[in-house]
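Heads up, the sequence shown is in full-length UniProt numbering, so the first residue is 1 and it goes up one at a time.
For every residue, glycine included, the Cβ atom is placed at its ideal position computed from N, Cα and C.
For clarity, every value in this text was computed on a predicted model and none was experimentally measured.
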Amino acid sequence: MATYAIGDIQGCLEPLQCLLQEIKFNPSKDKLWLAGDLINRGPDTLETLRFLYRLRDSITIVLGNHDLHFIAVYYGQRKRGKNDTLDELLRAPDCADLVYWLRQQKLVHHDPLLNFTMVHAGIPPQWDLSEALAHAREVENVLQTDKVEIFLAGMYGNLPNRWNDNLAGVDRLRLITNYFTRMRFCSADGELELQTKESVDAAPIGFAPWFSFAERKTWDQRILFGHWAALEGRTDVENVYALDTGCVWGGSLTALRLEDERWFACDCLA
């Protein structure tokens, strides 16, 4: 039995199947961890989600910003973007079942036996692991109830951009979601900077990659994340693993075997 963590698939089904063949994935005994952004932008969004749904007993998912965007579009709380590849999925007869399944997924996953934590974008420096898991559950719980549309209607936006324990309602949920699904750069006390998407060298004054702060409260945790293709799989932090290697942009799709930290990859021809 082995456990493999895979970065952003974004509807690139052929590279995913190539990667599963490369690692000799056996769903009866192996496990997949998927770091979010399962769909959108790539050529096979519908069939990718159907493929993963068939493997659902063997996979663990954290939601990414593109997955949440799809759910918001489905509920009519957001218009499709010009680069979205969601049309076929939205027309599919099993779309409602796939949406319901995605709504049951996590924002942060921690496995104490493997000693790994997975999130789509990152964990802000001011939260320890228990705080991160508790805040993730706040959003997960809303996604799974009939309040989901209220949350989705207010999910978009860059403010508030700094945590305060007194935050409440949609503002609180929006910031939690932005930390876990959109964050790249922040300040040492967790102020978000959401405009810059380039590499580490592009950090605005006063901001740095979320994982780079020496005082980060999860410094002792092994963290897997996707979202940031410009890192090209490198963080230069020993226990933080960047899984998004830009498959949908013509890079590769990457997997990390958690038991021995061996890397695997398949090229993606965009």
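{"Check": "Whole angstroms is fine: what's the gap from leucine 231's alpha carbon to phenylalanine 225's?", "Outcome": "11 Å"}
{"Check": "Does the distance from the CB of glycine 42 to the CB of glycine 11 come in under 7 Å?", "Outcome": "yes"}
{"Check": "Between which two residues does the alpha helix (DSSP H) harbouring alanine 153 extend?", "Outcome": "148-153"}
{"Check": "Excluding five sequence neighbours on each side, which residues of the same chain lie with their C-beta closer than 6 Å to the C-beta of histidine 109?", "Outcome": "Thr60, Val62 and Met118"}
{"Check": "Do the region 157-174 and the region 191-200 meet, that is, are 3 or more Cβ pairs less than 8 Å apart?", "Outcome": "yes"}
{"Check": "With burial defined as no fewer than 16 other Cβ atoms inside 10 Å of the residue's Cβ, what is the status of arginine 56: buried or exposed?", "Outcome": "exposed"}
{"Check": "Could you pull the start and end residues of the alpha helix (DSSP H) that histidine 110 belongs to?", "Outcome": "Not the alpha helix (DSSP H): histidine 110 falls in the beta strand (DSSP E), residues 108-111."}
{"Check": "Could you tell me whether the Cβ atoms of arginine 184 and tryptophan 228 are closer together than 7 Å?", "Outcome": "yes"}
{"Check": "Taking contact to mean at least 3 C-beta pairs separated by less than 8 Å, is the region 248-256 in contact with the region 131-149?", "Outcome": "no"}
{"Check": "What's the call for arginine 216, buried or exposed, on a 16-neighbour Cβ count within 10 Å?", "Outcome": "buried"}
{"Check": "Smallest Cα separation from alanine 121: which of Thr235, Thr3 and Trp249?", "Outcome": "Thr235"}
{"Check": "How far does the alpha helix (DSSP H) with cysteine 18 in it reach, from first residue to last?", "Outcome": "13-22"}
{"Check": "CB-CB under 6 Å to valine 237, same chain, minus the five flanking residues each way: which ones, in chain order?", "Outcome": "Phe211"}
{"Check": "Indicate the three-state DSSP secondary structure (helix, strand or coil) for threonine 196 in the structure shown.", "Outcome": "coil"}
{"Check": "Could you give the uninterrupted runs of the alpha helix (DSSP H) lying entirely in the UniProt domain \"Calcineurin-like phosphoesterase\" (4-141), keeping only those of 4 residues or more?", "Outcome": "13-22, 45-54, 65-74, 87-91 and 95-103"}
{"Check": "Can you check which of these residues, Thr45, Gln126 and Arg174, is closest to serine 99 by C-alpha distance?", "Outcome": "Sequence inspection shows valine at residue 99; the serine mentioned does not correspond to that position. Taking only the C-alpha atoms, the option nearest valine 99 is Thr45."}
{"Check": "Assign aspartate 67 to one of two classes, buried (16 or more other C-beta atoms within 10 Å of its C-beta) or exposed (fewer than that).", "Outcome": "buried"}
{"Check": "Per the contact definition of three or more C-beta pairs closer than 8 Å, is the region 172-186 in contact with the region 151-158?", "Outcome": "yes"}
{"Check": "Please report the distance separating the alpha-carbon of arginine 103 from that of isoleucine 71.", "Outcome": "8 Å"}
{"Check": "Please check the pair lysine 106 and glutamate 140, which I expect to be a contact at CB under 8 Å, by giving their CB distance rounded to whole angstroms.", "Outcome": "6 Å"}
{"Check": "Taking DSSP's pairing of strands, which residues face proline 209 in a bridge?", "Outcome": "Phe185"}
{"Check": "Please go through the same chain and pick out, in chain order, the residues whose beta-carbon is closer than 8 Å to the beta-carbon of cysteine 95, but skip the five residues on each side of it.", "Outcome": "Tyr74 and Leu89"}
{"Check": "Please classify serine 130 as buried or exposed, where buried requires at least 16 other C-beta atoms within 10 Å of its C-beta.", "Outcome": "exposed"}
{"Check": "Which residues share a DSSP beta bridge with cysteine 266?", "Outcome": "Leu253"}
{"Check": "In the DSSP output, what is leucine 224 paired with across the bridge?", "Outcome": "Met118 and Tyr241"}
{"Check": "What does DSSP give as the partner residue(s) for glycine 246 in the beta ladder?", "Outcome": "Ser252"}
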